[in-house]
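These protein sequence lines are chains A and B, in that order. Positions 1 to 199 (full-length UniProt numbering) are the ones given, in order, by the first sequence. Positions 1 to 199 (full-length UniProt numbering) are the ones given, in order, by the second sequence. What follows is one structure encoded as structure tokens, with my remarks underneath.
2 protein chains.
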Amino acid sequence: MSGKRTFDDEKALESAMGVFWKKGYAGASLAELTQSMGINKPSMYRTFGNKEALFIKATQRYIEKNAQPHFVHLHQEGTSLAQRIKNYMTSVVSEQCTAEDPKGCYIFLCQGEIASGDMPELPSNLLNQASKKIQDALVEIFTHDPEAIALGLETHATSIALCIATTLRGTASMARAGIPLSELETVIEHSLRGIGLPS
Amino acid sequence: MSGKRTFDDEKALESAMGVFWKKGYAGASLAELTQSMGINKPSMYRTFGNKEALFIKATQRYIEKNAQPHFVHLHQEGTSLAQRIKNYMTSVVSEQCTAEDPKGCYIFLCQGEIASGDMPELPSNLLNQASKKIQDALVEIFTHDPEAIALGLETHATSIALCIATTLRGTASMARAGIPLSELETVIEHSLRGIGLPS
DNA sequence: TTTAAGTTGTACCGATCGGTAACGTTGATT
DNA sequence: AATCAACGTTACCGATCGGTACAACTTAAA
Numbered sequence: 001m002s003g004k005r006t007f008d009d010e011k012a013l014e015s016a017m018g019v020f021w022k023k024g025y026a027g028a029s030l031a032e033l034t035q036s037m038g039i040n041k042p043s044m045y046r047t048f049g050n051k052e053a054l055f056i057k058a059t060q061r062y063i064e065k066n067a068q069p070h071f072v073h074l075h076q077e078g079t080s081l082a083q084r085i086k087n088y089m090t091s092v093v094s095e096q097c098t099a100e101d102p103k104g105c106y107i108f109l110c111q112g113e114i115a116s117g118d119m120p121e122l123p124s125n126l127l128n129q130a131s132k133k134i135q136d137a138l139v140e141i142f143t144h145d146p147e148a149i150a151l152g153l154e155t156h157a158t159s160i161a162l163c164i165a166t167t168l169r170g171t172a173s174m175a176r177a178g179i180p181l182s183e184l185e186t187v188i189e190h191s192l193r194g195i196g197l198p199s
Numbered sequence: 001m002s003g004k005r006t007f008d009d010e011k012a013l014e015s016a017m018g019v020f021w022k023k024g025y026a027g028a029s030l031a032e033l034t035q036s037m038g039i040n041k042p043s044m045y046r047t048f049g050n051k052e053a054l055f056i057k058a059t060q061r062y063i064e065k066n067a068q069p070h071f072v073h074l075h076q077e078g079t080s081l082a083q084r085i086k087n088y089m090t091s092v093v094s095e096q097c098t099a100e101d102p103k104g105c106y107i108f109l110c111q112g113e114i115a116s117g118d119m120p121e122l123p124s125n126l127l128n129q130a131s132k133k134i135q136d137a138l139v140e141i142f143t144h145d146p147e148a149i150a151l152g153l154e155t156h157a158t159s160i161a162l163c164i165a166t167t168l169r170g171t172a173s174m175a176r177a178g179i180p181l182s183e184l185e186t187v188i189e190h191s192l193r194g195i196g197l198p199s
């Protein structure tokens, strides 16, 4: 029956990520996790440690493979600032609405669980830090991009970044409620108008 | 020891609402609920039925006592449309950030649980219907208010309403993450600018 | 071929989950 | 005074929670 590992760690981690994405941390049971990963509990504990460690690894994977890639739109050469921001937001919202993945945003969903008090400290820190990165990246743009400086956006860079981050949280919530991408795209446009970056 | 009820149904319901607001539906255990309500499990089952029925009553109470009151700002006489919308949004976000209550919005938080598949049908319908009411109320304003019609907002009333509702979901998520009201107020102003209602 | 390490599957652990049966007590009704 | 419904308390139900001990088995190295 055994002797050599019969599953792929990376595939298993991706499956676990999907479950956490759909159910959150507390809501994802080990039974559902291991079933989705195609392994049984002892294999999971030996490979990943425990539920908390598995969640951390799944979260890191989400950040790396799902969240970070959107940032490239912010630094696309030969593209106007407004278009870069719009491309970034559209990229994020598209993923929030994707039919293959669970609806919404893994980070925002799980970060919301922290306020419940049932989230361990390490995952909490990771989630807070990940959500902070979004705003930091935006602030970086608005304070250093020549076009942004020319538009005078650097003086309220943090508040503008907060607006965009808030909109993306709103669209994540909307997406989870079933609102389609087509409707949320107009939200992006209105949001850009609000911060003085009409497309 | 007994004979006559020793607790106030309304107070107990309010306590239960607070627990659901903080933990969500699945995350709120009967132990924590009954402890917060100051009663024991049999009393709770006799009075409210079961967890699902308790949640429905708590949710109805939230809608009535917490969500609906914000709507008065939308129809305040002698106030400009922009100011009415701003007052409404500020009122909502203020509650999301209130220190006495759990952070965020009861409705949005629990509606997010529906996508997990662990929410019974009746509560799901109630939550979906409650969140829809927000957009409906806004659409009503933008399609019937003379000032809105004069501004030409009636032609995209639904998309504007979606923008506002999305912003309020975003602020709820931000509030739950610990962002203070002072920072979220600027988000409201930018949001209003985006839909052509600068204050 | 023997040995040691590593893997899987099952069966189990104590704790907690939502929900309830049973009992003694109390207060209002008759 | 007798009755009965409603109450609070305790103790319990089967199911599931996260987590683990253990045995059967397979492989690679010795």
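Where a beta carbon is used, it is the ideal one built from N, C-alpha and C, also for glycine.
Under the three-state DSSP convention, the category residue i falls into
i                     : result
G112 (chain B)        : helix
F7 (chain B)          : coil
E52 (chain B)         : helix
G38 (chain A)         : coil
P69 (chain A)         : helix
I179 (chain B)        : coil
S43 (chain B)         : helix
T98 (chain A)         : coil
D118 (chain B)        : coil
Q76 (chain B)         : coil
residue 209 (chain B) : Examination of residue 209 (chain B) is not possible in this model, given that chain B is present from 1 through 199 alone.
Chain-ordered chain B contacts of residue i [CB-CB under 7 Å]
i              : result
E183 (chain A) : L162
I195 (chain A) : H190
T171 (chain A) : T166
Chain B contact residues for residue i, given Cβ-Cβ distances below 8 Å
i              : result
P102 (chain A) : A115
S131 (chain A) : A177
Cβ of residue i within 7 Å of any chain B Cβ
i              : result
M174 (chain A) : yes
F108 (chain A) : yes
V187 (chain A) : yes
G27 (chain A)  : yes
G78 (chain A)  : no
S159 (chain A) : yes
Residue i: contacting residues in chain A (beta-carbon distance under 9 Å)
i              : result
F142 (chain B) : The premise fails here: F142 (chain B) is roughly 13 Å from chain A at the closest Cβ pair, so nothing lies under 9 Å.
Residues that residue i contacts on chain A, provided the C-beta gap is smaller than 8 Å
i             : result
G24 (chain B) : S116
T90 (chain B) : Within 8 Å Cβ-Cβ: nothing; T90 (chain B) doesn't reach chain A, min ~14 Å.
Partners in chain A for residue i, counting only beta-carbon separations shorter than 7 Å
i              : result
Q111 (chain B) : A177
Any C-beta of chain A under 7 Å from that of residue i
i              : result
T167 (chain B) : yes
G152 (chain B) : no
Check: residue i C-beta below 6 Å from any heavy atom of the ligand ADP
i              : result
I179 (chain A) : With respect to small molecules bound, the structure shown includes none, and the ligand ADP cannot be examined in it.
- Item | Stretch pair the segment 178-187 of chain A + the segment 60-70 of chain A: three plus CB contacts closer than 8 Å | no
- Message: For the structure I just gave you, are there three or more beta carbon pairs, one from the segment 95-105 of chain A and one from the segment 32-46 of chain A, closer than 8 Å?
- Response: no
- Query: Is the segment 78-98 of chain A close to the segment 154-163 of chain B, with three or more CB pairs under 8 Å?
  - Reply: no
- Message: For the segment 133-146 of chain B against the segment 46-58 of chain B, do three or more pairs of beta-carbon atoms, one drawn from each stretch, fall closer than 8 Å, so that the two count as touching?
- Response: no
- Which residues, in order along the UniProt domain "HTH tetR-type" (6-66) of chain B, keep a beta-carbon less than 8 Å from a beta-carbon of chain A? K22, K23, G24, A26 and G27
- Query: Contact between the segment 188-197 of chain A and the segment 189-196 of chain B: three or more CB pairs below 8 Å?
  - Reply: yes
- Message: Pairs of beta-carbons, one from the segment 5-14 of chain B and one from the segment 113-125 of chain A, closer than 8 Å: are there three or more?
- Response: no
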